[in-house]
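Student: I am attaching a structure below and will ask some questions about it afterwards.
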Amino acid sequence: MVILFLFKYALLDTKKIQYNQSMLKKLLILILLGVVGASAYLYWDYSKKRTVITPYPYSFLNSFDEKFQKDHAKEIQEAENAKILIVGDRMGKTLDPYTDNIRSQFQGLLKTPPTIYNWSADNEGLFRTIHKIKMLKKLPPIIIYFGGTSELFEKKFEIDDQKKILKNFKTFDDEKLISLIITFPWVSKALYRDIHYQDLGEFKEYKSNLAANAKLNEKQLTFKLFEYEVREFVDYIKDKKSNLVFITAPLNLEAEPKEVCAHAESEDVIGVQQEIEAELKEGAYKMAFPKALELSGVTFSNARSFYLLGRAAQGVGDIKTARDALMKATVFDCANWRGNAVYNAIIKGYAQKNQINVLDFDQFMSSKLGDEGLFQDEIVPQNVFYQSMVSELGDILKKILSVNEEGVSK
-3 MVILFLFKYA LLDTKKIQYN QSMLKKLLIL ILLGVVGASA YLYWDYSKKR TVITPYPYSF
57 LNSFDEKFQK DHAKEIQEAE NAKILIVGDR MGKTLDPYTD NIRSQFQGLL KTPPTIYNWS
117 ADNEGLFRTI HKIKMLKKLP PIIIYFGGTS ELFEKKFEID DQKKILKNFK TFDDEKLISL
177 IITFPWVSKA LYRDIHYQDL GEFKEYKSNL AANAKLNEKQ LTFKLFEYEV REFVDYIKDK
237 KSNLVFITAP LNLEAEPKEV CAHAESEDVI GVQQEIEAEL KEGAYKMAFP KALELSGVTF
297 SNARSFYLLG RAAQGVGDIK TARDALMKAT VFDCANWRGN AVYNAIIKGY AQKNQINVLD
357 FDQFMSSKLG DEGLFQDEIV PQNVFYQSMV SELGDILKKI LSVNEEGVSK
């Protein structure tokens, strides 16, 4: 009986061991499948990411580069051969009538006045300017940038990727991590978050149909990208031993905002705004001013509230308050049809930090707030102010070139 019991116990123990071994095999197989699956996913996720140094959410198609260089070969050559190159958007193009004026300021100082080529283009954001500058085999001694009014005319990112884009630039700003990425570019695939890249070709106009909060987020992210673009622009031109001159875009502070972000509006707010507008039309500035001041304090991102405060402040002679309020109106205008104070502040900040010449045309125009007939239209100042600005620009250019009778000329 004892032997029989021991035999049955041994048999049961053997079955238990076999069962445990079977379960262990299954567990190992599951772990192996999990590891293989995770590895396959990580490889797939890694392989579909792009190798980049600066984590811009956009890139230009190779086919676009090839076509651009072919179609614009003459322009590229003229840009390379110029002594002074003007780039930018529609603001840069407004300098076309004044290039002879700039050149004439060098008469008697150079054997031959410097060649000037204006390579500005309508609707051209800074990111496109940088891209085509990099196509030049050599840079002119002086590059003038006059733009910053077309930065959201094209779609450069998906707003849903905002957090990832900001996280990527936080990684980019980490000195240790960016050193690693520069040394081993493929590491960027592991360190940068995956986003939906915009593959850019020819210009395609973008009109935002986002909700109010998303529109403000879109503007904020555009400001952030512009900051990195200005940094890259400055660094690239300095590395190439060229000289950069910035001209800030003048803002017509008396031009009304085109769109108020919906979340900053309500029936009560609109009602108060209509009261203030009626008082401004009647010239009752002293009545309108305190109402507008109070309203702007409770509708912080309402461009129209700031605009009304600016006009009321003008009416009571408080030009400083008027200028500050009207500047804010340009920033919070939800329609992207012009430049604004933030772009100019970024340009001036980097210019000062890097000892870059900046001609603050915007400050010059805003200092004349209240004068009649400052602008030809909503964007372009009157000719008389361009003449003054161009004269100052000529002085800057002459200093850069260290002009004298034996100077280098083209």
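Going by the working numbering, the residue at position 184 of the sequence shown is 180; the numbering climbs one at a time, nothing skipped. Ideal Cβ positions, reconstructed from N, Cα and C, are used throughout, including at glycine.
Select from 191, 100, 91, 252 the residue whose C-alpha is nearest the C-alpha of residue 115.
Tutor: Closest by alpha carbon: 91.
Student: In whole angstroms, what separates the C-alpha of residue 287 from that of residue 331?
Tutor: The alpha-carbon atoms of residue 287 and residue 331 are separated by roughly 25 angstroms.
Student: Within the continuous beta strand (DSSP E) that includes residue 84, where are the two ends?
Tutor: That run of the beta strand (DSSP E) goes 80 to 84.
Student: To which residues of the same chain is residue 319 closer than 8 angstroms at the C-beta, ignoring the five residues directly before and after it?
Tutor: 249, 306, 362, 365.
Student: Write down the C-beta distance between residue 60 and residue 221 rounded to the nearest angstrom, noting that I regard them as a contact closer than 8 angstroms.
Tutor: Not confirmed; about 19 angstroms, so no contact.
Student: Mind listing, in chain order, the continuous beta strand (DSSP E) runs of no fewer than 3 residues lying wholly within the region 350 to 397?
Tutor: For the region 350 to 397, whole beta strand (DSSP E) runs of length 3 or above, ordered along the chain, are 353 to 355.
Student: Give the DSSP-derived three-state secondary structure of residue 100 in the structure shown.
Tutor: Correct three-state label for residue 100: helix.
Student: Determine which residues share a DSSP beta bridge with residue 114 and list them.
Tutor: BP columns for residue 114 point to 82.
Student: Going by DSSP, what residues sit across from residue 241 in a beta bridge?
Tutor: BP columns for residue 241 point to 140, 353.
Student: Look up residue 55 in the DSSP assignment and say whether it is helix, strand or coil.
Tutor: In this structure, residue 55 counts as strand in the three-state DSSP scheme.
Student: What residue range is occupied by the uninterrupted beta strand (DSSP E) comprising residue 195?
Tutor: From DSSP, the beta strand (DSSP E) with residue 195 extends over 194 to 196.
Student: Out of 294, 351, 161, which one is the CA nearest neighbour of residue 239?
Tutor: Taking only the C-alpha atoms, the option nearest residue 239 is 351.
Student: Helix, strand or coil: how does DSSP classify residue 106 here?
Tutor: DSSP places residue 106 in strand when its eight states are reduced to three.
Student: Does the Cβ of residue 87 have 16 or more other Cβ atoms within 10 Å, making it buried, or fewer, making it exposed?
Tutor: It counts as buried.
Student: Below 7 angstroms between beta carbons: does that hold for residue 134 and residue 71?
Tutor: Contact: no.
Student: If you follow the alpha helix (DSSP H) that residue 279 is in, where does it begin and where does it stop?
Tutor: Per DSSP, residue 279 belongs to no alpha helix (DSSP H) and is neither H nor E.
Student: For residue 127, which of helix, strand or coil comes out of DSSP?
Tutor: Helix, per DSSP.
Student: For the alpha helix (DSSP H) containing residue 166, name the first residue and the last one.
Tutor: Taken as a continuous stretch (DSSP letters only), the alpha helix (DSSP H) holding residue 166 covers 158 to 168.
Student: Whole angstroms are fine: how far does the CA of residue 109 sit from the CA of residue 372?
Tutor: So the two alpha carbons sit approximately 30 angstroms from each other.
Student: Do residue 300 and residue 270 have their C-beta atoms within less than 7 angstroms of each other?
Tutor: No, Cβ-Cβ distance for residue 300 and residue 270 is not below 7 angstroms.
Student: Nearest by alpha-carbon distance to residue 214: which of 113, 311, 290, 155 is it?
Tutor: Closest by alpha carbon: 155.
Student: Can you tell me whether residue 144 is buried or exposed, with buried defined as 16 or more other CB within 10 angstroms of its CB?
Tutor: When all chains shown are included, residue 144 counts as buried.
Student: If I follow the unbroken alpha helix (DSSP H) through residue 229, where does it start and stop?
Tutor: It spans 208 to 235 - the alpha helix (DSSP H) in which residue 229 sits, taken as one unbroken run.
Student: Just the C-alpha distance for residue 388 and residue 379, rounded to the nearest angstrom, thanks.
Tutor: Residue 388 and residue 379: Cα-Cα distance of roughly 14 angstroms.
Student: So, does the region 45 to 59 touch the region 89 to 106, judging by three or more C-beta pairs under 8 angstroms?
Tutor: At 8 angstroms Cβ cutoff, the stretches do not touch.
Student: I think residue 224 touches residue 150, with their Cβ atoms under 8 angstroms apart; what is that distance to the nearest whole Å?
Tutor: About 16 angstroms; that fails the 8 angstroms criterion.
Student: Does the pairing of the region 162 to 182 with the region 116 to 132 give three or more beta-carbon distances under 8 angstroms?
Tutor: They do not touch, by the three-pair rule.
Student: Please tell me whether residue 51 and residue 242 are closer than 7 angstroms, where the distance is taken between their beta carbons.
Tutor: No, the pair does not count as a contact, with Cβ atoms beyond the cut-off.
Student: Within a Cβ cutoff of 7 angstroms, which residues of the same chain sit near residue 216, ignoring the five residues on either side of it in sequence?
Tutor: Around residue 216: no qualifying Cβ.
Student: Please identify the residue among 55, 392, 386 whose C-alpha is closest to the C-alpha of residue 199.
Tutor: Measuring from the Cα of residue 199, the nearest candidate turns out to be 55.
Student: Could you give the residue range of the alpha helix (DSSP H) that holds residue 77?
Tutor: Unbroken alpha helix (DSSP H) run through residue 77: 69 to 77.
Student: Nearest CA to the CA of residue 277: which residue from 308, 369, 291, 265?
Tutor: Taking only the C-alpha atoms, the option nearest residue 277 is 308.
Student: For the alpha helix (DSSP H) containing residue 173, list its first residue and its last residue.
Tutor: It spans 171 to 179 - the alpha helix (DSSP H) in which residue 173 sits, taken as one unbroken run.
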